[in-house]
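Step one of this worksheet: look at the structure below.
There are 2 protein chains.
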Amino acid sequence: MKEIAEKQKQKQTHYNCAETIIPLRDALDVFSGKWKIPILFSMMSGNERYTDIQSSMPCISPKVLVKELKDLEEHKLIKRVIIDDYPIKILYKLEPYAQTVIPIIETLKTWGQNHRNKLFRAKEEIINSTK
Amino acid sequence: MKEIAEKQKQKQTHYNCAETIIPLRDALDVFSGKWKIPILFSMMSGNERYTDIQSSMPCISPKVLVKELKDLEEHKLIKRVIIDDYPIKILYKLEPYAQTVIPIIETLKTWGQNHRNKLFRAKEEIINSTK
DNA sequence: GATAGTACTTACCTGTAGGAAAGTGATATT
DNA sequence: AATATCACTTTCCTACAGGTAAGTACTATC
Chain G
1 MKEIAEKQKQ
11 KQTHYNCAET
21 IIPLRDALDV
31 FSGKWKIPIL
41 FSMMSGNERY
51 TDIQSSMPCI
61 SPKVLVKELK
71 DLEEHKLIKR
81 VIIDDYPIKI
91 LYKLEPYAQT
101 VIPIIETLKT
111 WGQNHRNKLF
121 RAKEEIINST
131 K
Chain Z
1 MKEIAEKQKQ
11 KQTHYNCAET
21 IIPLRDALDV
31 FSGKWKIPIL
41 FSMMSGNERY
51 TDIQSSMPCI
61 SPKVLVKELK
71 DLEEHKLIKR
81 VIIDDYPIKI
91 LYKLEPYAQT
101 VIPIIETLKT
111 WGQNHRNKLF
121 RAKEEIINST
131 K
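As you go down the protein sequences, you meet chains G and Z in turn. The UniProt record's numbering numbers the first residue of the first sequence as 1 and each following residue consecutively. The UniProt record's numbering numbers the first residue of the second sequence as 1 and each following residue consecutively.
In structure tokens:
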């Protein structure tokens, strides 16, 4: 009897865990992949035009860039604006909602910098130990 | 002359942008994908054994789980520990380094919750407008 | 008139992430 | 003796992310 109760308690823990994993998965569905976060960062740095974004990114292909911009638009993070003077201009504008992504970008960037330093230190240790 | 200088300034902006994108990409290389963050979260909730982690995740296949655990071990975020009593036990232990991932998990989780609420509100607005 | 830039589209291809299903060998339980 | 649990492995498969390369229609510049 006691054992069954404890097993159910454990099962419950698992269930709760699955529940909290859902928002994580929602966020990952949006931001997983090589490009979306870097593109948002590039746009936050002031790049609004297709070609500017493209040249700010290390070797993104035009096809992929178009696709990612469409995805970001679908997620209501950016807006494609057509400026109808002569010549016609197309601007990709950040939606206010994109501001909510800043903390994610910041923490990822900080972690990435730290990780790189860690790898660098690890390498140095190997060099020192073989001296 | 002036124009060239300005163009070079712009090129520099792009270059800097690429530079800051590198740590972002480093982090994304580790955390992109469906499973790694949820697995770390599950382990932080106390799950240490293969089967516990598996049942805490919504329908992960054994093959994928093994692969993700190996990846996490390679990134020095977890450790596979063999407890050699009878019967033999295998524990997946978080490395201290895994603590650095907590801010990422937190911000992603918060964003995911907020995003889900936003979608929910958007749905309600549609329902109200068609009344 | 030629070249270059803007903002893409189209077609094709590869690799990997991830899923489905079954099997395995050791122990443990009923 | 039969079934279950633990911790996987193996095989097969599909879908999609992403890359390569070329083309396009318009405009701008030299």
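Every residue, glycine too, gets a C-beta built ideally from N, C-alpha and C.
Rounded straight-line distance, which links the Cα of residue j to that of residue i
i: G/M43; j: Z/E125; result: 30 Å
i: Z/P38; j: G/L24; result: 7 Å
i: G/D29; j: Z/Y92; result: 26 Å
i: residue 135 of chain G; j: G/K79; result: Any answer about residue 135 of chain G is impossible in this case: the structure gives chain G only from 1 up to 131.
i: Z/S32; j: G/C59; result: 19 Å
i: Z/H75; j: G/L69; result: 31 Å
i: G/T100; j: G/E73; result: 15 Å
i: Z/L77; j: G/P87; result: 52 Å
i: G/T20; j: Z/H115; result: 14 Å
i: Z/G112; j: G/L108; result: 16 Å
i: G/I22; j: G/D85; result: 45 Å
i: Z/A98; j: Z/A27; result: 13 Å
i: G/N117; j: G/K67; result: 33 Å
i: residue 205 of chain Z; j: G/D52; result: Nothing can be reported for residue 205 of chain Z: it is not among the residues displayed for chain Z, which extend from 1 to 131.
i: Z/T110; j: G/L94; result: 21 Å
i: G/P96; j: Z/P96; result: 37 Å
Cβ shell of residue i (< 8 Å), same chain only, five flanking positions each side left out
i: G/S56; result: S42, S45 and N47
i: G/D71; result: K36
i: G/K89; result: R49, I82 and I83
i: Z/Q54; result: I60, P62 and L65
Secondary structure of residue i, DSSP reduced to three states
i: Z/Y97; result: helix
i: G/I88; result: coil
i: Z/I102; result: helix
i: G/R121; result: helix
i: Z/R49; result: coil
i: Z/I126; result: helix
i: Z/I78; result: strand
i: G/I60; result: coil
i: G/Q113; result: helix
Under 7 Å from the C-beta of residue i: neighbouring residues of chain G
i: Z/Q113; result: P23
i: Z/R116; result: P23 and D26
i: residue 158 of chain Z; result: Past the boundaries of the shown model lies residue 158 of chain Z; chain Z is included only from 1 to 131, so the question cannot be answered.
i: Z/P38; result: I21, L24 and R25
Burial state of residue i, where buried means 16 or more other Cβ atoms lie within 10 Å
i: G/L119; result: exposed
i: Z/I127; result: exposed
i: Z/S129; result: exposed
i: Z/A122; result: exposed
Residues that residue i contacts on chain Z, provided the C-beta gap is smaller than 9 Å
i: G/M43; result: Near G/M43 there are no residues of chain Z at all, since even the closest Cβ is about 10 Å away, more than 9 Å.
Close-in-space but distant-in-sequence residues of the same chain around residue i (CB under 7 Å, 5 per side omitted)
i: Z/I102; result: none
i: Z/I105; result: I37, L40 and F41
Where residue i meets chain Z, residues with beta-carbon distance less than 7 Å
i: G/T107; result: P103, I104 and T107
Interface residues of chain Z facing residue i [CB-CB closer than 8 Å]
i: G/I83; result: Those within 8 Å of G/I83 in chain Z number zero; the least Cβ separation is about 19 Å.
i: G/K34; result: R25, L28 and S32
Listed by chain order, chain G residues near residue i by CB distance under 9 Å
i: Z/I90; result: Correct list: empty, because the minimum Cβ distance to chain G is about 18 Å.
i: Z/P58; result: A18, I21, I22 and R25
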